[in-house]
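Notes for the one structure printed next.
There are 6 protein chains.
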Amino acid sequence: MTNSKKDFTHLSGSDMPRMVEISEKSITERTAVAVSRLHLGKELSEMLKESGSTKKGPVLQTAVIGGIQGAKRTAELIPMCHPLPLSGVDVDIKLDGEYAFIQVTAKTTGRTGVEMEALTAASVAALTFYDMCKSVSKSIEIESIYLLEKTGGKSGNYRKK
Amino acid sequence: MTNSKKDFTHLSGSDMPRMVEISEKSITERTAVAVSRLHLGKELSEMLKESGSTKKGPVLQTAVIGGIQGAKRTAELIPMCHPLPLSGVDVDIKLDGEYAFIQVTAKTTGRTGVEMEALTAASVAALTFYDMCKSVSKSIEIESIYLLEKTGGKSGNYRKK
Amino acid sequence: MTNSKKDFTHLSGSDMPRMVEISEKSITERTAVAVSRLHLGKELSEMLKESGSTKKGPVLQTAVIGGIQGAKRTAELIPMCHPLPLSGVDVDIKLDGEYAFIQVTAKTTGRTGVEMEALTAASVAALTFYDMCKSVSKSIEIESIYLLEKTGGKSGNYRKK
Amino acid sequence: MTNSKKDFTHLSGSDMPRMVEISEKSITERTAVAVSRLHLGKELSEMLKESGSTKKGPVLQTAVIGGIQGAKRTAELIPMCHPLPLSGVDVDIKLDGEYAFIQVTAKTTGRTGVEMEALTAASVAALTFYDMCKSVSKSIEIESIYLLEKTGGKSGNYRKK
Amino acid sequence: MTNSKKDFTHLSGSDMPRMVEISEKSITERTAVAVSRLHLGKELSEMLKESGSTKKGPVLQTAVIGGIQGAKRTAELIPMCHPLPLSGVDVDIKLDGEYAFIQVTAKTTGRTGVEMEALTAASVAALTFYDMCKSVSKSIEIESIYLLEKTGGKSGNYRKK
Amino acid sequence: MTNSKKDFTHLSGSDMPRMVEISEKSITERTAVAVSRLHLGKELSEMLKESGSTKKGPVLQTAVIGGIQGAKRTAELIPMCHPLPLSGVDVDIKLDGEYAFIQVTAKTTGRTGVEMEALTAASVAALTFYDMCKSVSKSIEIESIYLLEKTGGKSGNYRKK
Numbered sequence: 001m002t003n004s005k006k007d008f009t010h011l012s013g014s015d016m017p018r019m020v021e022i023s024e025k026s027i028t029e030r031t032a033v034a035v036s037r038l039h040l041g042k043e044l045s046e047m048l049k050e051s052g053s054t055k056k057g058p059v060l061q062t063a064v065i066g067g068i069q070g071a072k073r074t075a076e077l078i079p080m081c082h083p084l085p086l087s088g089v090d091v092d093i094k095l096d097g098e099y100a101f102i103q104v105t106a107k108t109t110g111r112t113g114v115e116m117e118a119l120t121a122a123s124v125a126a127l128t129f130y131d132m133c134k135s136v137s138k139s140i141e142i143e144s145i146y147l148l149e150k151t152g153g154k155s156g157n158y159r160k161k
Numbered sequence: 162m163t164n165s166k167k168d169f170t171h172l173s174g175s176d177m178p179r180m181v182e183i184s185e186k187s188i189t190e191r192t193a194v195a196v197s198r199l200h201l202g203k204e205l206s207e208m209l210k211e212s213g214s215t216k217k218g219p220v221l222q223t224a225v226i227g228g229i230q231g232a233k234r235t236a237e238l239i240p241m242c243h244p245l246p247l248s249g250v251d252v253d254i255k256l257d258g259e260y261a262f263i264q265v266t267a268k269t270t271g272r273t274g275v276e277m278e279a280l281t282a283a284s285v286a287a288l289t290f291y292d293m294c295k296s297v298s299k300s301i302e303i304e305s306i307y308l309l310e311k312t313g314g315k316s317g318n319y320r321k322k
Numbered sequence: 323m324t325n326s327k328k329d330f331t332h333l334s335g336s337d338m339p340r341m342v343e344i345s346e347k348s349i350t351e352r353t354a355v356a357v358s359r360l361h362l363g364k365e366l367s368e369m370l371k372e373s374g375s376t377k378k379g380p381v382l383q384t385a386v387i388g389g390i391q392g393a394k395r396t397a398e399l400i401p402m403c404h405p406l407p408l409s410g411v412d413v414d415i416k417l418d419g420e421y422a423f424i425q426v427t428a429k430t431t432g433r434t435g436v437e438m439e440a441l442t443a444a445s446v447a448a449l450t451f452y453d454m455c456k457s458v459s460k461s462i463e464i465e466s467i468y469l470l471e472k473t474g475g476k477s478g479n480y481r482k483k
Numbered sequence: 484m485t486n487s488k489k490d491f492t493h494l495s496g497s498d499m500p501r502m503v504e505i506s507e508k509s510i511t512e513r514t515a516v517a518v519s520r521l522h523l524g525k526e527l528s529e530m531l532k533e534s535g536s537t538k539k540g541p542v543l544q545t546a547v548i549g550g551i552q553g554a555k556r557t558a559e560l561i562p563m564c565h566p567l568p569l570s571g572v573d574v575d576i577k578l579d580g581e582y583a584f585i586q587v588t589a590k591t592t593g594r595t596g597v598e599m600e601a602l603t604a605a606s607v608a609a610l611t612f613y614d615m616c617k618s619v620s621k622s623i624e625i626e627s628i629y630l631l632e633k634t635g636g637k638s639g640n641y642r643k644k
Numbered sequence: 645m646t647n648s649k650k651d652f653t654h655l656s657g658s659d660m661p662r663m664v665e666i667s668e669k670s671i672t673e674r675t676a677v678a679v680s681r682l683h684l685g686k687e688l689s690e691m692l693k694e695s696g697s698t699k700k701g702p703v704l705q706t707a708v709i710g711g712i713q714g715a716k717r718t719a720e721l722i723p724m725c726h727p728l729p730l731s732g733v734d735v736d737i738k739l740d741g742e743y744a745f746i747q748v749t750a751k752t753t754g755r756t757g758v759e760m761e762a763l764t765a766a767s768v769a770a771l772t773f774y775d776m777c778k779s780v781s782k783s784i785e786i787e788s789i790y791l792l793e794k795t796g797g798k799s800g801n802y803r804k805k
Numbered sequence: 806m807t808n809s810k811k812d813f814t815h816l817s818g819s820d821m822p823r824m825v826e827i828s829e830k831s832i833t834e835r836t837a838v839a840v841s842r843l844h845l846g847k848e849l850s851e852m853l854k855e856s857g858s859t860k861k862g863p864v865l866q867t868a869v870i871g872g873i874q875g876a877k878r879t880a881e882l883i884p885m886c887h888p889l890p891l892s893g894v895d896v897d898i899k900l901d902g903e904y905a906f907i908q909v910t911a912k913t914t915g916r917t918g919v920e921m922e923a924l925t926a927a928s929v930a931a932l933t934f935y936d937m938c939k940s941v942s943k944s945i946e947i948e949s950i951y952l953l954e955k956t957g958g959k960s961g962n963y964r965k966k
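Protein chains in written order, with our numbering: chain V, 1 to 161; chain E, 162 to 322; chain S, 323 to 483; chain Z, 484 to 644; chain R, 645 to 805; chain F, 806 to 966.
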């Protein structure tokens, strides 16, 4: 499992998918922050702004809940992911101009990282946002989903450049 | 449910989330095509190319299976989505330069569209691709997820401009 | 399946649980309305009222979403339930004095009724409401969950007396 | 997370739902006991009694299994619940007169309590009981679901008055 | 999709897994019967017999319920399976000498067959039987799982020789 | 829970199914190896061999992924199973003559064994293999599923004779 050179650890020696063995890894506190960005377009972003809390509130809250629930399903969705005891998930959504910015912080105390949980939450929150607004605009686009930061674990901390 | 002006159909009259009533809609054949694109970076894209089918094959197939399985979970993930009897899901992945292009076609014969199923499959396939390769590179980025095309249903066909 | 006298249709001739065969039943539009009631107590109900939309809004919306998502999981939760293509679920929550009143309307076009879906949604919405408020009061009690009304299907309409 | 005054810990500072961070909490043995009560009515309760173990047995066992399986799905059903490694679930059902009494004991060794698991099991067992008997009587009513007792954790033990 | 010669229909032209398109297939009533057989060994089979209904009853009923619940999860478990509206599942278990014989009949009215649902139910019922008895004997073996019969659909009826 | 004589630990004192209490058990590293064998028949086994990696590769990889995903769903499928933090799952499939041999190794660090996880993975991998090839042959038979080996835990190691 420890490679001096980079390798596909989710593939076995005979190049078959495998759920990599982590029992030797130490239990540490691990966090990951993932980000997604949606382009809403002019009409939708104005409708959300004008509606004040009456429309914006439930749209954002449904997206937050979709994201949190999605984080808990990560190991069911991503075939080689380990089931993880999430200790917290926070989904924050901000509207700015024609965009929605979603930032997810996921935490666990365990033997493997939570980046897939954070990325899955960021994706499902974005998809839920899309679903809540698609009757207004079908051309909403998820423009970006990426890992911003990761702490804990042997491979050291990571921060997107 | 029919609005001359655009509205948030997933919100009720009192602005609470609701699963919109579709029993009056007619059963028609519906398709949706969604696309996602990942930026892999130079090192990873070269490793996949050089490995030939030995690494690329299982990485792509795991992503395809993740996407198809994800499509079937759409109504569990996206809070206001209806459960849908999918009649087919096809996930196609191509590598080109430093990018992976994922295209999903989803079909149903039912009372509501399959765009969320196609978009969910495109997202989960992209997340699975990321997961299979994150031991090689953490800076993979999902650069875009969008609906390319939609047919069937009262609101008419849609094609992204 | 047709009994002149009442019987446990979910038990087989040898008294084993079974998922009763419904392929002979006709496809009709079916609705069910279920109700649940929570006693919140004085302190919690006043905190919700005073907080205005800032606390009450997200508590109620989370409960609504929990209920709708729960309705879709009915066949996974209730062992002998058939999977059902829900065509709509509406969860309405009202606060009145020291109580919260939840009313769920579920609809389908299918071969069997949706009363379990409506009852499951009413239960999960009530449990979610409890969960959102248990840091304020542990003595919240679900005081009642029942079927109010049912239409469609051979056995005729039902209305609770 | 520590409030001198009571607060909605499942809401963030900006009043959005969140899965509260528990990594600082200590791992202790935690138990919760929840209770539900169904009013069966005269006809159904007599049919169950007369049938002896032939009908009563499978009805009760299906409800027990529904409850245990429901406990394991708590984090999927209740949006802000943490996934929990349940160490045991016991569902006990007694018939007495026109009533069925369900008592669930749930245990875990973890960072957060199991009251939602116990309450979810008590609810799903009650719904399953209803489902198994609804061909005999549609007017069964769940008359009460509440937390009887809770031990372990910083907030101290709780016993319903 | 129609092949004069036999082919792997779950693989696409480029040999990637796919969920085959079935919207052109006609909706017919379809049934499948699957069988599994467990070798229990002398000690366990005698304990079950001697215990009469007290042990045998709940062991068999738990296995029946496991099987029925498993049938409903088929499309989640088997990657290329379509979600199917099951119209009935019957799981029958008989003890004979040192063996347990499980027979599952699954039915649907739909565009594709239910053999995977019947086989999955026969497997999960057998695994559940094993789990309920493994504290008595670890050497229980599932000796056979196969499709006995299949009716409905274009490819005609099938009966195992 | 400790029995000098063998007993059905998944049944309570009143012979109802229960999820046995394991909080007193110690946390140890546990492994289980399960095996399944499929008889493919002459035509299918030759088609797989001749196709080289083009057909055999995706068939085997889909079965491997089905098995790994199935292992993670064990506690949802097998009613009395505890949820378990799997630390690794490896599914190996070999074709030999007219047979496919599947061997699964599952590992956890926890309070209860992983034999059901290994057996469930071996079953779902076999069912997935069947599903991928059933358009070529319907008479594939799962001829055997059994526990080969188990280590860790108080009851000591087990190796099938």
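Every residue gets a Cβ at the ideal spot worked out from N, C-alpha and C, and that includes glycine.
### Message
Is there a C-beta anywhere in chain R that falls below 8 Å from the one on residue 541 of chain Z?
### Response
Taking Cβ atoms only, chain R reaches closer than 8 Å to residue 541 of chain Z, which makes this a yes.
### Completely contained alpha helix (DSSP H) runs for the region 865–916 of chain F, where each covers 4 or more residues
879–882
### Query
If you drop the 5 nearest sequence neighbours on each side, which residues of the same chain put their C-beta closer than 8 Å to that of residue 202 of chain E?
259, 298, 300 and 301
### Query
For residue 691 of chain R, which of helix, strand or coil comes out of DSSP?
helix
### Task
Could you check which residue in S:349, S:387, S:404 and S:396 has the C-alpha nearest to that of residue 413 of chain S?
S:387
### Query
Is there a Cβ from chain Z that is less than 8 Å from the Cβ of residue 697 of chain R?
With 8 Å as the cut-off, residue 697 of chain R counts as an interface residue toward chain Z.
### Message
Out of V:93, V:95 and V:62, which one is the CA nearest neighbour of residue 238 of chain E?
### Response
Considering only V:93, V:95 and V:62, the residue with the shortest C-alpha distance to residue 238 of chain E is V:62.
### Query
Do you know offhand how far residue 380 of chain S's Cα is from residue 269 of chain E's?
34 Å
### Query
Taking Cβ positions, are residue 762 of chain R and residue 746 of chain R nearer each other than 8 Å?
no
#### Entry: Rounded separation between residue 535 of chain Z and residue 294 of chain E - CA only
60 Å
### Query
So which residues of chain R does residue 265 of chain E contact, with C-beta pairs closer than 9 Å?
Within chain R, no residue comes near residue 265 of chain E; the closest Cβ sits about 11 Å away, beyond 9 Å.
### Query
Secondary structure at residue 633 of chain Z, three-state DSSP: helix, strand or coil?
strand
#### Entry: 6 Å CB neighbourhood of residue 190 of chain E in its chain, flanking five on each side removed
The residues are 270 and 313.
#### Entry: Cβ-Cβ distance between residue 469 of chain S and residue 483 of chain S below 8 Å
When the beta-carbon positions are compared, residue 469 of chain S and residue 483 of chain S stay at least 8 Å from each other.
### Straight-line gap, residue 692 of chain R to residue 240 of chain E (C-alpha atoms, nearest Å)
46 Å
### Task
Buried or exposed for residue 507 of chain Z, please, with buried defined as at least 16 other CB atoms from any protein chain shown within 10 angstroms of its CB.
By the 10 Å Cβ count, residue 507 of chain Z comes out exposed.
### Task
Give the single residue among R:658, R:651, R:682 and R:650 whose Cα lies nearest to the Cα of residue 775 of chain R.
R:682
### Query
Of all Cβ atoms in chain E, is any one closer than 8 Å to the Cβ of residue 667 of chain R?
It does; some Cβ of chain E falls within 8 Å.
### Query
Which stretch, first to last residue, makes up the beta strand (DSSP E) that contains residue 764 of chain R?
From DSSP, residue 764 of chain R is part of no beta strand (DSSP E) but of the alpha helix (DSSP H) over 759–777.
### Message
Please state the DSSP three-state secondary structure of residue 841 of chain F.
### Response
Residue 841 of chain F: strand per DSSP, three-state reduction.
### Own chain residues within Cβ distance below 6 Å of residue 306 of chain E, not counting five before or after
197, 283 and 284
### Query
Does the distance from the CB of residue 476 of chain S to the CB of residue 498 of chain Z come in under 8 Å?
no
### C-beta contact flag for residue 173 of chain E and residue 7 of chain V at 8 Å
no
### Task
Could you run through the region 868–890 of chain F and flag, in chain order, every residue whose CB is less than 9 Å away from some CB of chain Z?
880, 881, 884, 885, 886, 887, 888, 889 and 890
### For residue 173 of chain E, three-class secondary structure by DSSP
The DSSP-derived three-state label of residue 173 of chain E is coil.
### Message
Give me the DSSP bridge partner(s) of residue 465 of chain S.
### Response
In the DSSP output, where bridge partners are listed per residue, residue 465 of chain S has none listed.
### Message
Between residue 257 of chain E and chain S, is any beta-carbon pair separated by less than 8 Å?
### Response
no
#### Entry: Whole-angstrom distance between residue 73 of chain V and residue 104 of chain V, CA atom to CA atom
Each residue's alpha carbon lies about 15 Å from the other.
### Query
In the DSSP assignment, what are the bridge partners of residue 178 of chain E?
Beta-bridge analysis with DSSP links residue 178 of chain E to E:172.
### Task
Using a threshold of 8 Å, state whether the C-beta atoms of residue 755 of chain R and residue 248 of chain E are closer than that.
yes
### Query
Taking the C-alpha atoms as reference points, what is the distance between residue 32 of chain V and residue 332 of chain S?
47 Å
### Message
Is the separation between the beta-carbon of residue 850 of chain F and that of residue 900 of chain F shorter than 8 Å?
### Response
yes
### Task
Name, please, each residue of chain F whose Cβ falls closer than 7 Å to the Cβ of residue 624 of chain R.
Residue 624 of chain R falls outside the range modelled here, since chain R spans only 645 to 805, and no answer is possible.
### Query
For residue 244 of chain E versus residue 236 of chain E, is the C-beta distance shorter than 8 Å?
yes
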